[in-house]
Amino acid sequence: MFKQSAMSNVDALRFLGAGSAASDCLSPSAAVVERGGQPLLLIDCGPGVANVYRATYGELPKAVYITHLHMDHVAGLETLFYASRTLSAEQQPRLYVPVTLVTALHARLAEFPNLLAEGGANFWDALRLIPVSDNFWLQDLRFEVFPVRHHAPYAAYALGLRGRFVYTGDTRPIPEMLTRYASAGETVFHDCAPQPNPSHTGLEDLQREYSPSILNRMVLYHYPDEITAKRYEDAGFRIARGGERIGLDGSDGV
Ligand SMILES: [Zn+2]
Ligand SMILES: [Zn+2]
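Now the structure itself:
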């Protein structure tokens, strides 16, 4: 398993945004897994993300993973639907969605009556839905999916690639999960809110719940503004910012 990871050439996560739903100045949190410097998998697609992706890479995403269904993580799928309608089936984005979220995602985005005024279009005509359970394959890589703690049981899911990274999505602390899924030197991209609350992790939570070996590999995102980001840095944490490419070997990428 680790041999595959070491050879995977998955070298960076590029953050298109690192903001929270409460932010009035930052793009919503979304990141792109890059392989050999090329985009491989977009994580989450909140409002505006599809356009930021296109401005960054000059094309639409070919693969998208959804962590959960809050609008700051899925509202941009509507943009992606309209932009993908003219693509061939082979070019249309694949949408990897935890299977327990599929019914609610369909209700949120696909049941809207008359997606086109003239009719003749279904939401899933333009996006290739791939329900996933605890893992899925993309190219020759095996990504892992596991539940986190956000609002309700089995309502939000992290994404991991052994030996490379774990991206928690929105969550309360999950030390027992990171012991299992981030025990091989993975960079851990972790939600952090200005204050601990029933929905999100706060700085005090991180310091109380996680061991130094995990804290040393942690990068924080999903915050409301730059002032908050600076506060996290002052507390000794690394921060992801919109537009930043973060290397997975401890470097800064580009
Ligand atoms: Zn969020
Ligand atoms: Zn959320």
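Note that this note's numbering has the sequence shown beginning at 679, numbered continuously upward. Heads up, the beta-carbon is just placed ideally off N, CA and C, and yes, glycines get one too.
* To do: Label Phe644 either buried or exposed according to how many other C-beta atoms from any shown protein chain fall within 10 Å of its C-beta, with 16 as the threshold for buried.
  => Beyond the ends of the chain as shown, which are 679 and 932, falls residue 644; an answer cannot be given.
* Asked: Is Tyr832 closer than 9 Å to Thr745 when the C-beta atoms are compared?
  -> no
* Please find out if some non-hydrogen atom of ligand 2 comes closer than 8 Å to the beta-carbon of Ser705. => no
* Is the beta carbon of Asp750 within less than 8 Å of some heavy atom of ligand 2? -> yes
* Asked: Are the beta-carbon atoms of Val810 and Val844 separated by less than 9 Å?
  -> no
* To do: Would you list, in sequence order, the uninterrupted beta strand (DSSP E) runs of no fewer than 3 residues that lie entirely inside the stretch 740 to 822?
  => 741 to 743, 772 to 776, 806 to 810 and 813 to 816
* To do: Assign Asp812 to buried or exposed, taking buried as 16 or more other Cβ atoms, counted over all protein chains shown, within 10 Å of its Cβ.
  => exposed
* Asked: In angstroms, rounded to a whole number, what distance separates the CA positions of Lys681 and Phe821?
  -> Its pLDDT being 47, under 50, Lys681 is placed unreliably in this model, and the value from its coordinates should be taken loosely. Computed Cα separation, rounded: 15 Å.
* Length of the line joining the Cα atoms of Ala804 and Arg763 -> 5 Å
* Asked: At what residues does the beta strand (DSSP E) containing Tyr845 begin and finish?
  -> Phe843 to Tyr845
* With a threshold of 8 Å, establish whether the CB of His784 neighbours any heavy atom of ligand 2. => no
* Could you check the C-alpha separation between Thr849 and Arg827 for me, to the nearest Å? => 5 Å
* Asked: Got a sec: does ligand 1 put a non-hydrogen atom nearer than 8 Å to the Cβ of His868?
  -> no
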